[in-house]
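To start, the structure under review is shown below, and the notes come after it.
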Amino acid sequence: MAAARTETPAARTLELDVPDWPAHRPGQHVDVRLTAEDGYTAQRSYSVASTPGTGRLELTVQRIDDGEVSPYLVDVAQPGDAFEVRGPVGGYFVWDDADPAPVLLVAGGSGIVPLMSMIRARSAAGLRVPFRLVYSTRSPDITIYADELRRRQRDDRGLDLAYAYTRGVPPGWRRPPGRLDGALLREAGWPADLGPACFVCGPTGFVEAAANLLVDQDHPADRIKTERFGPSGGGAA
Amino acid sequence: MTVVTRGFKGRGTRDAQLPPGQYLTPDFPVLSAGPTPRIDPTGWEFFIATGSGERRTWSWSQLRALPTETVMVDIHCVTKWSKLGTTWDGVSLDTLLADVEPAGDFALVHSYGGYTTNLPVADLTGGRAWVAFRYAGAELDPEHGGPARLLVPHLYFWKSAKWVRGVELLRQDQPGFWESVGYHNYGDPWREQRYWGD
């Protein structure tokens, strides 16, 4: 671990120097393995945040309060510490930068991380593929990458950005706090007849709802790639 | 080479019931590559294609009329969570394959929505695989694969195809959806066969 940046009170970006790291594709994840002194190990998957093929491998990790690995990565790990990473993993939830289709990114909370890798990859490659990001987040103060997205909204041509704040909105914000709904998705996304590639990432309940809204708006299921994390919303079954 | 991580103590269970690299969860996480498909139960059917031109089908009511088994099994997801002692009701693949002469040793499982996964026919038989339609005593929720999913708990859970539609028996092995994009062809959690090369 070479360095770390605090993103929000609950999320931190770890910059890793990984010898012989192969370039990942935007959207892929890695497996992190921590080993305690008694040999006990714990593994979890984290999405890669950084641009493929440049600089350090970056992971942005959100603390899960009763978690085992994320509290260590967010609160304990320091530059100079070492742990094992394996990857890149996953060949489906990836953006193909040779695909000229417009892209719709739908993020719920820390689900922004793999989508940010796509936004950064597009920018680093100087591509003009039209991107739209619809980002559901609780409130401005705990929004991961808020500053960078503000800058990119100004500087990255062809990147549009809309927020759905679910609890607290910025001063003067016109839309009251609330969940992402069909109207906002219709307004800030792409119509299905443009054939966009859709990527939806976030907690299970959010992804279920957002993917269903996209299906309702006639996006074909095979153009909606999803990545879900956490338990199901509706109890154990 | 093992790298000891400074400051990491770990508080998971050092549990021999868990395969390597897994942790115990009380939740039931959902992993799916796309939207949850909308399945019309009136048109639902389950098929077995034998590989020699024969195709058997069961409607929903025909499937539910077959002998049902209740099983309690541990399930292990490649994303590292495990859940112990889960209870399912379903029809054993032994029942469904009883009168079928497979043309080959391999199976490709198909789902509504287009998902596929492959495994040897041997892993579908011997009381190790079911078409399950109830979980913990309740009808299987759509996001967990309802109305019916394959249940093959001795392999990583992506092999337990949600929204199962049928089984195609093949002479030659054919990688399924995840098996084509980096995940292990067989997927034994006890040998930690997560990815290509494991």
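So the protein sequences, as listed, match chains B and C. Numbering-wise, the first sequence is residues 15 to 251 according to the numbering used here. Numbering-wise, the second sequence is residues 9 to 206 according to the numbering used here. Heads up, the beta-carbon is just placed ideally off N, CA and C, and yes, glycines get one too. Keep in mind the model is a prediction, meaning the values are calculated, not measured.
Neighbours of Tyr123 (chain C) across chain B, judged by C-beta separation under 8 Å, do not exist; the nearest C-beta is about 11 Å away. Annotation: the continuous alpha helix (DSSP H) that includes Gly196 (chain B) extends over Gly196 to Ala202. At a cut-off of 8 Å between beta carbons, Glu187 (chain C) makes no contact with chain B. In the DSSP assignment, Val99 (chain B) falls outside any alpha helix (DSSP H) and lies within the beta strand (DSSP E) extending over Glu98 to Val103. Taking a contact to require three or more Cβ pairs closer than 8 Å, the stretch 73-86 of chain B and the stretch 41-56 of chain C do not qualify as touching. Ser131 (chain B): member of the alpha helix (DSSP H) spanning Ile126 to Ala138, first to last residue.
For Gly61 (chain C), not one C-beta of chain B is nearer than 8 Å to its own C-beta.
Gln76 (chain B) has a beta carbon lying at 8 Å or more from every beta carbon in chain C.
Bounds of the alpha helix (DSSP H) holding Phe220 (chain B) are Thr218 to Asp230. Legend: CB atoms of the stretch 95-110 of chain B lying less than 7 Å from CB atoms of chain C belong to residues Asp95, Ala96, Phe97, Glu98, Val103, Gly104, Gly105 and Tyr106. Secondary structure of Arg199 (chain C) (DSSP, three-state): helix. For Val32 (chain B), the closest alpha carbon among the candidates B:Thr68, B:Val127 and B:Asp232 is that of B:Thr68. By a beta-carbon distance limit of 8 Å, Leu175 (chain B) contacts Leu163 (chain B). Their separation comes to about 6 Å. With 16 or more other Cβ atoms inside 10 Å of its own Cβ, Trp89 (chain C) counts as buried.
Rounded to the nearest whole angstrom, the CA to CA distance from Ser153 (chain B) to Val88 (chain B) is 20 Å.
Taking the beta carbon of Leu175 (chain B) as reference, no residue of chain C falls within 7 Å; the closest one sits roughly 23 Å away.
The beta-carbon separation of Val108 (chain C) and Ile56 (chain C), rounded to 6 Å, stays under the 8 Å limit for a contact.
For Asp232 (chain B), no Cβ of chain C is located within less than 8 Å of the residue's own Cβ.
Interface flag for Phe16 (chain C) against chain B is set, since a Cβ pair is found closer than 8 Å. Nearest neighbour of Arg199 (chain C) by Cα position, chosen from C:Ser168, C:Pro27 and C:Lys17, turns out to be C:Pro27. For the stretch 36-55 of chain C, the beta-carbon criterion of a distance under 9 Å to any beta-carbon of chain B is satisfied by Phe36, Pro37, Val38, Leu39, Ser40, Ala41, Gly42, Pro43, Thr44, Pro45 and Arg46.
Cβ contact annotation for Pro116 (chain B) (same chain, cutoff 8 Å, sequence separation greater than five): Val143, Pro144, Phe145, Arg146, Trp204, Leu208, Gly209, Pro210 and Ala211, in chain order.
At a cut-off of 8 Å between C-beta atoms, Gly98 (chain C) does not count as an interface residue with respect to chain B. Taking the Cα of Gly15 (chain C) as reference, the smallest distance to any Cα among B:Phe97, B:Gly219 and B:Arg188 is reached at B:Phe97.
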